[in-house]
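Input: a single structure, listed below in structure tokens.
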Amino acid sequence: MPHHALEITLTRPLASNALRRASRGLPLAANHDATRLMALVDARTPHRAAHRLRRRLGTRLPIDVITTHYPDADHSVLLNVAFPPAAHAALTTDARRARQSPERFLELAVHRTLAEHADRETDRLDRAVSQLLAHTTPAYLLAAVGHALTRLPERPTP
């Protein structure tokens, strides 16, 4: 049976003893602050693997989201979210109104939101470059960008 690499995002950091207890049932690897975990789960499909992982660890960990760590052949990542009952009911109602399954409705909403974010980011960068070009030549700006890219950035600023 194939193994699937799954990433678990937690709603709050785990204490080391809670991580040890959870790791008894399934080996887990944690990031530096124990808010993201990795697990290998054997199952026929990624969907079944995520479901199995949530069943095994859902009562032991404050799981927010489970995703497949690697994209599939279509470059998609499985997103497994357990909504509170009220949110699930609202999602189901909105999906029914749109004549879609809740999964498809949520998928389209996530894609739409990501596309809107990409558009906003492109517009922001376009405005920033235009502002910079108002005070320098394209050659100087290109040289400055090249110089900046050769150094490792500490952290992007919003």
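The sequence shown lines up with residues -8 to 149 when you count with our numbering.
For glycine and all other residues, C-beta sits at the position ideal for the given N, C-alpha and C.
Alpha-carbon to alpha-carbon, residue j and residue i
{"i": "ILE54", "j": "LEU31", "result": "16 Å"}
{"i": "PHE74", "j": "GLU94", "result": "12 Å"}
{"i": "GLU107", "j": "GLN122", "result": "23 Å"}
{"i": "ALA135", "j": "THR58", "result": "38 Å"}
{"i": "THR128", "j": "GLY137", "result": "14 Å"}
{"i": "ARG142", "j": "ALA109", "result": "25 Å"}
Endpoints, the beta strand (DSSP E) within which residue i is located
{"i": "VAL32", "result": "27 to 33"}
C-beta contact flag for residue i and residue j at 7 Å
{"i": "ALA13", "j": "ARG47", "result": "no"}
{"i": "LEU28", "j": "ALA21", "result": "yes"}
Where residue i falls, given that 16 or more other Cβ within 10 Å makes a residue buried
{"i": "LEU133", "result": "exposed"}
{"i": "PRO76", "result": "exposed"}
{"i": "PRO(-7)", "result": "exposed"}
{"i": "ALA162", "result": "Look at the range of the chain in this structure, -8 to 149, and you will see that residue 162 is not part of it."}
{"i": "HIS150", "result": "Past the boundaries of the shown model lies residue 150; the chain is included only from -8 to 149, so the question cannot be answered."}
Bridge-paired residues (DSSP) for residue i
{"i": "HIS(-5)", "result": "VAL32"}
Endpoints, alpha helix (DSSP H) assigned at residue i
{"i": "VAL136", "result": "129 to 141"}
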